[in-house]
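The listed protein sequences correspond, in order, to chains R and X.
Per my numbering, the first sequence starts with residue 1, numbered consecutively.
Per my numbering, the second sequence starts with residue 1, numbered consecutively.
Backbone N, C-alpha and C fix where the C-beta goes; we use that ideal spot for every residue, glycine too.
Given the structure is predicted, the values throughout are model-derived calculations rather than measurements.
Structure, as structure tokens:
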Amino acid sequence: MKPVFSKPKALNDAVMHYCPGCGHGVVHRLVGEALDHFDILDRTVGVAPVGCAVLMYDYFNCDIIEAPHGRPPAVATGMKRSRPDLIIFAYQGDGDLASIGLAEIVHAANRGENVTVIFVNNTVYGMTGGQMAPTTLLGQQTTTSPYGRNLNTDGYPIRMAEMLATLEGTSYVARHAIDTPANILRARKSIFRAFEMQVKDMGFSFVELLTTCPTNWGMSSRESIRRIKEELIPYFPLGVFKEKEVADYI
Amino acid sequence: MATIKIERDKCKGCVLCVDVCPYGLICQEKAINDQGYQYVVLEDPDGRCTGCTLCAVVCPDICIEVFK
Ligand code: SF4
Ligand code: SF4
Ligand code: SF4
């Protein structure tokens, strides 16, 4: 018998620190498979966020640089401009990308920087203690919205993929869910496409992934997977929102 | 013929693999592993595993390897 499914070479054998059932591990694997597929591991640098994925340098077999909270798109811009031969990806959570780093992500996308951004949206701040994020759903209880997110005081949850798709500078924008095997395989395809865009100098690529945070949702892994389908997908629809066929100006 | 190998001490007992196996071949043990989690094992005495990889696709800790 031959192995038909193994861990990608882009990841090492360390035990990940993520909570049981957390979606980060699956997203790490999909990114690792893309690096293997395009054979770009030796010229890839990742940019880690502040958040639960802050320790991702422990898991990837490529260089990872740590950016201040929310700033991975700015750090990625600097690296890609000084070393256009490298493949640069930013990996960010929703507190990092959609709140603290909103200016950085919008402007990097609008400039059409030739980098890839992997956006892990679990509708809550993870590592910092389960606070409300810009993506927290209406009515969702968090440590800073104990009675549920309130429209009148907190506004609507923000849809990053749709927003970035409206910017002329973006080349590829998609959202997928890490819940069922079928959705995970769709997410895999989009992550591959996002890296392919960068390899072909096609400009800014962005993949948002709806993932579980069983710990801060106060749910079991099973219940969390169900919540993605029942609550997250109805508000954050899945699909490819934008895909340019030719690069604008690179 | 197909089978899977689960790295016992990496498993966190989230049971997501248990839920997706079409034949219910993965079971959670009462015992705990090095990390303190109730790990899962393959129980496939009749060789029903098809190597479909669904369990490995959903495993967040990448501790399932599939052979065919
Ligand atoms: S706090 Fe949430 S996002 Fe962070 S590792 Fe745990 S489950 Fe994952
Ligand atoms: S490969 Fe498929 S059949 Fe075999 S244990 Fe995994 S899910 Fe079940
Ligand atoms: S999905 Fe992975 S971590 Fe979760 S119970 Fe199965 S083997 Fe263990």
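Q | S220 of chain R, DSSP secondary structure in three states | A | coil
**Q.** Endpoints, alpha helix (DSSP H) assigned at E33 of chain R
**A.** H24 to H37
Q) Counting along the chain, where does the alpha helix (DSSP H) carrying H270 of chain R start and finish? A) Since the displayed chain R opens at 1 and closes at 250, residue 270 of chain R lies outside it and no answer follows.
Q. Unbroken beta strand (DSSP E) runs of length 3 or more, entirely within the region 56-144 of chain R: which are they?
A. 63-66, 87-93 and 116-121
Q: Over the uninterrupted alpha helix (DSSP H) stretch that includes L42 of chain X, give me the two end residues.
A: Here L42 of chain X belongs to no alpha helix (DSSP H); instead the beta strand (DSSP E) covers Q38 to L42.
Q. Who are the neighbours of Y18 of chain R on chain X, taking C-beta pairs under 9 Å?
A. K12, P60 and D61
**Q.** Contact set for R71 of chain R: own chain, Cβ-Cβ below 7 Å, skip 5 residues either direction
**A.** G101 and E104
**Q.** ligand 1 site residues, beta-carbon cut 6 Å against heavy atoms
**A.** R:Y18, R:C19, R:C22, R:H24, R:C52, R:N122, R:G126, R:M127, R:C213, R:P214, R:T215 and R:N216
Q. So, is I88 of chain R buried or exposed, given that buried needs 16 or more other C-beta atoms within 10 angstroms?
A. buried
Q. What's the gap between the Cα of E245 of chain R and the Cα of A133 of chain R?
A. 34 Å
Q: Tell me, please, whether the region 141-150 of chain R touches the region 82-96 of chain R by the rule of three or more beta-carbon pairs shorter than 8 Å.
A: no
(Q) Between C59 of chain X and ligand 2, is there a pair consisting of the residue's CB and a ligand heavy atom that are separated by less than 7 Å? (A) no
Q.
Shorter than 7 Å, the distance from the beta carbon of I64 of chain R to the closest heavy atom of ligand 2, or not?
A. no
Q. Would you call the CB atoms of G46 of chain R and C22 of chain R closer than 8 Å?
A. no
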